[in-house]
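S.K.: For the protein sequence lines, the chains are Z and C, in the order given.
For the first sequence, the positions run 1 to 399 when this note's numbering is used.
For the second sequence, the positions run 400 to 788 when this note's numbering is used.
Below is a structure I'd like to ask you about.
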Amino acid sequence: MTTQTTPNNAPTGLSGAAWILALVPFILLGVILTWIVISGGGLTELSGPPVEQVAIERVTLPEPGVIRVEIVNDGPQTVTIPQVFVDDAYFGFDAEPSTTIPRLGRAIYTIYYPWVAEEAHTIVFLSSLGATFETAVAVAVETPQLSTNLFLQFGLVGLYVGIVPVGLGMLWYPFMRRLSRSAMNFILALTVGLLVYLAIGTWLDANEFALGLPAFWQGVPLVIIIAVISLGVLLAVGNIGRKGESTPLGIAYRISLGIGLHNLGEGLAIGAAFASGQGALGTFLILGFTLHNVTEGVGIASPIVRQNPGLRHFALLLLIAGGPAILGTWIGGFAFDPVSATIFLAIGVGAILQVVWEVGKLVARDTEKLGKPLVNWVNLGGFVVGIALMYFTAFMVKF
Amino acid sequence: MTEPRRSNWTRRKFLGVGLGGTASFLGVSLFNRSAPLQQEPPLPTPTHDMGDMPGMTHSGMSGMLVGAVDHERNGFDPMQMLVDWDYGTLTGETTEDGRPIREYNISAGDIEIEIAPGVFFPAWAFNGRVPGPSIRCVEGDRLRINFSNFGSHPHTLHFHGFHPAEMDGVDGEYRGEINPGESFVYEFDADPFGCHLYHCHALPLRRHIHKGMYGAFVIDPLGEQRPPARELMMIMNAFDTNFDAANEIYAVNTVGHEFMRRPIPIKVGELVRIYLINIVEFDLINSFHLHAHFFDYYDTGTTLTPTLRTVDTIMQAQGQRGIIEFRPRYPGRYMFHAHVSEFAELGWMGFFNAVNEADYPAALAEAGLDEQWDVKAMNGSAVRVSEDS
């Protein structure tokens, strides 16, 4: 039974007059805001002492005798920072564009302090009202400047961390093709396990950057929001033109994408570590990541065992999954930006969650064909081994 | 860096900070100021080109505070404080045994002061300045100090010297703390001669002292006098700007690195006498080190013979003070600073500019001073001032 609607209640379409109606709240809002700004809105009694807050975004040592610090004012009011001391000594500096930083504004302080290589320094910014904002250089090492040699070396690091292990992992493809359906389910469940590990790791990495962002970015919720939206977009894209069934090659590509974004984050971390003077960790770290990432190649190849897509696709999958490690190392080493790092990693979380879903469905379908319950010892074993492989190889890269 | 940076010098800005609107001079108009305000001195000109060194300031050093403090807005100038004594007023009355009565007016109030270029501190002050007026008198004078509290908290005046318990300015004893809007007259004899100090003794003590409530209290001997000298009053103080129980700015006479920018003019061969007082909170000791010279030291200034001879560094605990005497031997700039390097680099560091007689007017001008400053420096003694008037 349908209800008869009267003409009065039916939507009539938007005429000119209707648009004016939509503007009414905006106009009133403008009036109220103007009144509050001009008159104080009757809240003058509530005005307290000034609140000063800044976020110190980046400290670099571009050359001997120079420390450069980027400051963002993420407090509610303008902040003036007229003096700077390093290790309890006031030193001369230049501030660009000014020592007075408006809300959401940025200033670059170039401090002429003779820093000592391989030692630690503490930098304190003193505001006009006496508040102090402190940052530290844990190990003073000249910040790498863009040069052909260093560019190539960082590229090589990315190669070892991304392309080499993923490629090696993919070389198990011919072996995997000879596996029984049950054994293959084990491998697919292992892939789910490693992807779950990567999702957690990427989310934690994203949070680490997010916590350092100026407050107005709302870093932690931003990571969750971007991850959820990325997951939604990828699921929606996956459903275009098909009726819910993904092709194995499509899944492999999406695994590559997720792993690629994850490896971008690893590249960023390695590049930033070199840039901030922790280069000594370098060789061991690279060794660890190479070992750690071999499993990723297995994950990418696992959905396509029954349908060889050809060498060209393998090369492309490898590039998508491993290439970003090179890109990440370059960005982390030469032009690190915590905001874009956070965003990329958050997208990575969404992308990985999406493939967890896809590969999970694959496991479910194949297990059903074998007439077994979804959670059986083979699947569970694969899942646990996948996580364990990632967990234990990570011992070499976590400090 | 393979070669020194160039052109930074020309870009260097002296950061005048326009925060005049935020300064609140609550009750300051009620304070009496004993010294006329000196005109804002011009920046000293560099003595030689530092153009190829990065981060150099006018004194030729990069390791110091950047910019200049607006002394006119503060209402006091550390350079003037060196020679600016408050002798009070001789009322003409005498005690029963014929000693003169000397009357002083001291008011407490809240004031925002610029303690380093662009850095403001919410001080509690005596007579609108930190340190408060440098009380100077003659041994045996009867002192009558009219104290009024225009501040937001109870305060007291606690003098170091002989006096009856009811004049001790201690919380809970006799009159105790003087509440906002109230006043009290402290009356006692100036004794013994020496280099002393006074400070607020309201509770919590540490906060009341480090907020700026202290000053010099110098009693000249009645009999045998110290020989004439160029006399300078230096209070070593410090400020905890973020109230974390550690100082951010150290200084002599409040403004960090002021005497780096404006070296104190002295003459080669003359006797220089420094009344040195340590009122730094949080740090257990402070020290005074003079470059290229040795000096005699009179601990607490209660003797006419030195307690230490031929030293170049002395140490003072919190509240300790003494008199330093030295003669500049060669012309040139000589640094003086705390030998606690941290204090020196956080503001407690300055220069003497020792010149020959003929160059003295130029040295005065370089520090933004006039002849009047020289006259005051050479005639500090309360005995002399009393004789003149």
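Yeah, the Cβ is synthetic: ideal placement off N, Cα and C, and Gly gets one too.
Bear in mind that the values here come from a model prediction, so they are computed numbers and not experimental data.
Go ahead and pull the three-state DSSP assignment for residue 361(Z).
M.R.: Helix, per DSSP.
S.K.: Please return the same chain residues whose Cβ sits closer than 6 Å to the Cβ of residue 133(Z), not counting the five positions on each side in sequence.
M.R.: Answer for residue 133(Z): 54 and 125, listed in chain order.
S.K.: Hey, quick one: how far does the beta strand (DSSP E) through residue 521(C) stretch, first residue to last?
M.R.: 518-525 is the extent of the beta strand (DSSP E) around residue 521(C).
S.K.: At least one CB of chain Z closer than 8 Å to the CB of residue 551(C): is that the case?
M.R.: Answer no: the Cβ-Cβ gap between residue 551(C) and chain Z never drops below 8 Å.
S.K.: Give a yes or no on whether 8 Å exceeds the smallest Cβ distance from residue 463(C) to chain Z.
M.R.: So yes, residue 463(C) belongs to the interface.
S.K.: Does any CB atom of chain C fall closer than 8 Å to the CB of residue 20(Z)?
M.R.: Output row for residue 20(Z): interface = no.
S.K.: Taking Cβ positions only, does residue 657(C) come closer than 8 Å to chain Z?
M.R.: False, the Cβ-Cβ gap to chain Z never drops below 8 Å.
S.K.: Using only the alpha-carbon positions, how far apart do residue 341(Z) and residue 246(Z) sit?
M.R.: When rounded, the distance between both Cα atoms is 30 Å.
S.K.: Strictly under 8 Å for the Cβ-Cβ distance: is residue 83(Z) near chain C by that measure?
M.R.: It does: the Cβ of residue 83(Z) has a partner Cβ on chain C nearer than 8 Å.
S.K.: Using C-beta distances below 7 Å, list every residue in its chain close to residue 257(Z), excluding the 5 sequence neighbours before and after it, in chain order.
M.R.: Closer than 7 Å at the Cβ level, and outside the excluded window around residue 257(Z), lie 320 and 351.
S.K.: At which residue ranges does the region 571-650 of chain C contain complete alpha helix (DSSP H) runs of 4 or more residues, listed in the order of the chain?
M.R.: DSSP runs (the alpha helix (DSSP H)) wholly in the region 571-650 of chain C: 604-609.
S.K.: Note down the Cα distance separating residue 515(C) from residue 655(C), rounded to an integer number of angstroms.
M.R.: When rounded, the distance between both Cα atoms is 5 Å.
S.K.: Out of 544(C), 766(C) and 520(C), point me to the one whose CA is closest to residue 658(C)'s CA.
M.R.: Comparing Cα positions, the closest option is 766(C).
S.K.: Between which two residues does the beta strand (DSSP E) holding residue 715(C) run?
M.R.: Unbroken beta strand (DSSP E) run through residue 715(C): 712-716.
S.K.: Tell me where the beta strand (DSSP E) around residue 83(Z) begins and ends.
M.R.: Residues 83-86.
S.K.: Go ahead and pull the three-state DSSP assignment for residue 695(C).
M.R.: Here residue 695(C) sits in strand by DSSP.
S.K.: Which residue marks the beginning of the beta strand (DSSP E) containing residue 270(Z), and which one marks its end?
M.R.: No beta strand (DSSP E) holds residue 270(Z); the alpha helix (DSSP H) holding it covers 248-275.
S.K.: So, using beta-carbon positions, are residue 690(C) and residue 738(C) closer together than 8 Å?
M.R.: Not closer than 8 Å, so no.
S.K.: Residue 657(C) bridges to which residues according to DSSP?
M.R.: Paired residues: none, contrary to the question.
S.K.: Apart from the five residues on each side of it in sequence, which residues of its chain come closer than 6 Å, Cβ to Cβ, to residue 203(Z)?
M.R.: So the list reads 349, once near-sequence residues are dropped.
S.K.: Going along the chain, which unbroken runs of the alpha helix (DSSP H) with 4 or more residues stay wholly within the region 288-338 of chain Z?
M.R.: Counting whole runs of 4 or more residues, the region 288-338 of chain Z contains the alpha helix (DSSP H) stretches 311-334.
S.K.: Quick check: residue 487(C) and residue 501(C), are their CB atoms within less than 8 Å of each other?
M.R.: It is a contact, given that the beta carbons lie within the stated cut-off.
S.K.: In or out: residue 404(Z) buried (at least 16 other Cβ within 10 Å) or exposed?
M.R.: There is no way to answer for residue 404(Z), as the model of chain Z reaches only from 1 to 399.
S.K.: Would a check of beta-carbon distances place residue 518(C) closer than 8 Å to chain Z?
M.R.: Interface residue, yes.
S.K.: Show which residues of chain Z have a CB atom less than 9 Å away from the CB atom of residue 636(C).
M.R.: In chain order: nothing, as chain Z lies at least about 15 Å away.
S.K.: If you measure beta-carbon to beta-carbon, which residues of the region 672-683 of chain C are closer than 8 Å to chain Z?
M.R.: Hits within the stretch: zero.
S.K.: When Cβ atoms are compared, which residues of the region 638-651 of chain C fall closer than 7 Å to chain Z?
M.R.: Listed by position, the residues of the region 638-651 of chain C near chain Z (Cβ gap below 7 Å) are 640, 641 and 647.
S.K.: Which one of 673(C), 663(C) and 772(C) has the shortest CA to CA distance from residue 723(C)?
M.R.: Closest by alpha carbon: 673(C).
S.K.: What's the gap between the Cα of residue 442(C) and the Cα of residue 780(C)?
M.R.: Annotation note: pLDDT 42 at residue 442(C) (below 50); position unreliable, coordinate value reported separately. Answer to the nearest angstrom: the Cα atoms are 31 Å apart.
S.K.: State yes or no: is the beta carbon of residue 745(C) nearer than 8 Å to at least one beta carbon in chain Z?
M.R.: Chain Z contact via Cβ: present.
S.K.: Quick one: Cα of residue 192(Z) to Cα of residue 263(Z), how far?
M.R.: In a straight line, the C-alpha of residue 192(Z) is about 17 Å away from that of residue 263(Z).
S.K.: Reducing DSSP to helix, strand and coil, say where residue 200(Z) ends up.
M.R.: Looking at residue 200(Z) - three-state DSSP - the assignment turns out to be helix.
S.K.: Mind checking if residue 80(Z) is an interface residue toward chain C, Cβ cutoff 8 Å exclusive?
M.R.: Answer yes: the Cβ-Cβ gap between residue 80(Z) and chain C drops below 8 Å somewhere.
S.K.: Under three-state DSSP, which class holds residue 470(C)?
M.R.: Reduced to three states, the DSSP call for residue 470(C) is helix.
S.K.: Counting only Cβ-Cβ distances shorter than 7 Å, please list the residues of the region 127-147 of chain Z near chain C, keeping chain order.
M.R.: Taking 7 Å as the Cβ-Cβ cut-off against chain C, the residues of the region 127-147 of chain Z that qualify are 128, 129, 130, 131 and 132.
S.K.: By the 10 Å Cβ neighbour count, where 16 or more other Cβ atoms means buried, how is residue 568(C) classified, buried or exposed?
M.R.: Residue 568(C) comes out buried.
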